[in-house]
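These notes concern the structure reproduced below.
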Amino acid sequence: MNVPTNLKYAKSHEWVRVEGDTAVVGITDHAQQELTDIVYVELPKLDADVEAGKPCAVVESVKAASDIYAPVSGEVIAVNEELAHAPELLNEDPYGKGWMFKVKLRDTGELGELLNASDYTHHIGA
Amino acid sequence: MAVSTNSWRRTPLHAAHVEWGAKFVAFGGWEMPVQYSSIREEHLAVRERIGLFDVSHMGELIVSGFRAEAFLNRVLTNDVRRSQAGRAQYTFLCNERGGILDDLVLYWLEPMRFLLLVNAANTYRDFGWLTEQAAGTVRVENHSDEIATLALQGPLAPKLLPMAAGLGLFHIGAFDVAGFRCWIARTGYTGEDGFELFCASEDAPQLWDALLTCGAEFGIRPCGLGARDTLRMEMCYPLHGQDITAETTPLEAGLGRFIALDKGEFIGRSALVEQKEKGVSRKLVPFKMLPGLPPPRPHYPIIAGGQRVGEVTSGAPSPSLGVGIGLGYVATGTTQLEIEIRGKRFPATIEKKPLYKKPQ
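The listed protein sequences correspond, in order, to chains A and B.
For the record, in the first sequence the residue sitting at position 53 is 53 according to our numbering, with numbers rising by one throughout.
Throughout, our numbering is defined as the position within the second sequence, counted from one, plus 126.
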C-alpha cells in the first residue's frame with residue numbers, strides 16, 4: 001500500500017498536498033484499490049466553495065458511485081480536466097496524474113485535523 | 127461501506143474465496159464475493175476466455191413424484207411438456223395476479239424428478255409456496271444446503287470440461303469431474319457458452335480448486351457477483367427483486383415467450399390472458415447512455431416528455447460496450463428517455479435486446 005509521507009489524509013480516504021496556500025486533493029491508493037475500475041469522475045465546479053467533510057465530487061467504478069469529501073474548506077481554483085477523458089488515471093497514478101482538484105485554503109487550521117501518513121496507514125489497517 | 131456481516135450465510139466455498147482475495151458483498155441474505163481482482167477484468171475474462179462463479183447461494187428445490195410434471199405445469203408459466211428429461215427450461219413462478227414470485231430454471235433430471243434453481247432471497251418463500259400448492263400430491267424438498275452450484279462460463283468452457291462438451295444448449299446430464307459426481311447443464315446467466323455444475327456441498331472446495339488449477343492454461347479467473355451482474359445486464363437478463371418482482375408480470379418484462387397461455391390452466395393464467403388482450407401499459411426496456419456520460423444506477427429517475435415516468439431497475443457501466451447501460455420500466459410507446467443522475471438529466475437511447483452482441 002502506497003502512503004506517501006509528504007501528504008496529509010482524511011479518514012474518508014482523500015489526500016492533501018499543501019502548496020503554499022493551496023491544497024491539491026485526490027483519493028488515496030487504498031481508496032482506488034477498494035473502488036477498482038474507475039470509469040467516471042464528477043469534479044467540483046471551478047470557483048465552487050467546498051466545505052471540509054462535505055461531499056464535493058463523485059467517483060464511479062463499475063460497482064457503484066462513491067462520494068468524495070472535501071478534506072479542507074475553500075474555493076476550488078483548479079480541477080483536473082484530464083479525468084473527464086481518462087478517469088482510469090485515478091487507478092493508475094492516484095497521487096500524481098490522478099489528482100482531482102485544488103482548493104485555496106480558507107483555514108489552514110483545518111490541516112491539523114488531517115492524519116499524517118503513519119496515522120492513515122494505521123487507520124486503514126495496513 | 128462497512129456493513130456488519132454477522133448474520134449473513136456463507137457458501138461451502140467461503141474459505142476458498144478468502145484465499146483468492148475476494149471482496150464480499152451482502153446479497154439475498156448471503157455474504158458473497160463481489161469481485162476478486164476487478165469486475166472489469168473478470169467480466170472480460172468471461173467474454174473472451176473463461177470464468178468460474180460460486181452461485182451456491184441460489185436455492186435448489188427438488189420436486190419429485192408421479193404427478194410432478196402435472197404439478198409443475200400448474201405452478202410454472204412455461205409448458206413443461208415442451209421439455210423432457212435431460213433438458214432445462216427457463217420459466218416463471220407467478221401469483222394469481224400474474225406477478226412474478228420468482229424466475230428460475232427448471233432442470234428435468236429424471237422422468238419423475240425435477241431440480242428448480244431459484245433466486246437465493248426467494249428460496250424459502252418459493253419452497254413454502256410450492257409445498258402449499260402441492261398439498262401432498264408431490265414431494266417438494268429444499269436441498270439448498272446439500273447442493274453447491276458453480277457456473278463455468280465463457281467460450282473456452284467446453285475445453286475445460288470436454289466430457290460435457292457434447293451437451294446441447296439447455297441440456298443436462300450426470301458426469302464425473304475431477305472424481306466428483308456432478309449434474310452439468312449447458313446453461314448460464316452471462317450470454318456466453320458454458321455450464322452450471324451441481325455437486326455435493328462437501329465436494330465443492332476441491333472441485334473449485336480443480337477447475338481453477340486445470341483452467342489456468344485457458345486463462346480462467348474466479349469471478350464475483352459484480353461481473354455476473356454486468357454480464358447479465360449486457361444480455362438484458364432480468365434480476366428478480368430489481369427488474370422483475372411480484373408487482374410486475376412476464377408480459378411487462380417483455381418475456382412473454384416463457385409463458386404458455388395455450389397449455390391449460392396454471393396459476394396467474396387468467397390475469398396474464400387479460401393483460402395480453404388489453405395490452406401492457408408499461409414495458410421493461412434496455413437503454414444505453416451516450417459515451418462520456420455518467421452511468422445509470424438502480425433507482426435513478428427515468429424522465430420522458432419532461433416527466434418522471436419510472437426508475438432505473440438495473441444500471442451500470444458496461445465493460446464490453448464502454449458506456450452506461452440499464453433497464454427500466456417506461457410507458458408503452460415511449461421512444462425518448464433521459465436519466466436523472468444527481469439532479470441532472472442525461473439522454474439515453476432505447477435499444478433492442480440484447481445490449482451486447484457477440485462479434486461474429
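Even for Gly, the Cβ is constructed at its ideal location relative to N, Cα and C.
Predicted model, so just to flag it, every value in this text is computed and none were measured.
For the beta strand (DSSP E) that residue i lies in, which residues bound it at each end?
i      : result
P348/B : 347–349
Q279/B : 273–279
P29/A  : First, the amino acid is wrong: residue 29/A is Asp here, not Pro. Unbroken run through D29/A is the alpha helix (DSSP H), 29–35; no beta strand (DSSP E).
R471/B : 470–476
F179/B : 177–180
Please confirm if residue i has its CB atom under 8 Å from at least one CB of chain B.
i      : result
T36/A  : yes
I124/A : no
K63/A  : yes
V134/A : Residue 134/A cannot be examined here, being either before or after the span of chain A that is shown, 1 to 126.
N6/A   : no
Which bits of chain B does residue i rub up against, with CB to CB less than 9 Å?
i     : result
Y40/A : G418, L419, P420, P421, P443, G450
Is there at least one Cβ from chain A nearer than 8 Å to residue i's Cβ?
i      : result
T439/B : no
V160/B : yes
W146/B : no
R136/B : no
Could you name the residues of chain A that residue i contacts, counting a contact when the two beta carbons are closer than 7 Å?
i      : result
T356/B : V62
S164/B : T36, D37
If you follow the alpha helix (DSSP H) that residue i is in, where does it begin and where does it stop?
i      : result
P331/B : 330–341
P284/B : 283–286
W255/B : 249–260
G119/A : Residue 119/A is actually Asp in this sequence, not Gly. Element bounds for D119/A: 117–123.
Exercise for the section: Could you name the residues of the stretch 277–290 of chain B whose beta carbon sits closer than 9 Å to any beta carbon of chain A, in the order they occur along the chain? Expected result: none
Problem - Contact set between the stretch 451–485 of chain B and chain A, restricted to residues whose Cβ is under 9 Å from the partner - result: I467, R468
Exercise for the section: State whether the stretch 130–148 of chain B contacts the stretch 49–66 of chain A, with contact taken as three or more CB pairs (one from each stretch) at a distance under 8 Å. Expected result: The stretch 130–148 of chain B is not in contact with the stretch 49–66 of chain A.
Handout entry: Residues in the stretch 345–377 of chain B having any Cβ partner in chain A nearer than 8 Å
Key = G352, T356
Practice task
Would you be able to state if there are at least three C-beta pairs under 8 Å between the stretch 340–352 of chain B and the stretch 148–164 of chain B?
Solution key: Flag = yes, the stretch 148–164 of chain B and the stretch 340–352 of chain B touch.
Handout entry: Cβ contact (3+ pairs, closer than 8 Å) linking the stretch 262–279 of chain B and the stretch 191–199 of chain B
Key = yes
Exercise for the section: Would you check if there are 3 or more beta carbon pairs closer than 8 Å linking the stretch 292–309 of chain B to the stretch 363–370 of chain B? Expected result: No, they do not touch.
Practice task
Check whether the stretch 215–228 of chain B touches the stretch 393–400 of chain B, taking contact to mean three or more Cβ pairs, one atom from each stretch, closer than 8 Å.
Solution key: Output reads yes: the stretch 393–400 of chain B touches the stretch 215–228 of chain B.
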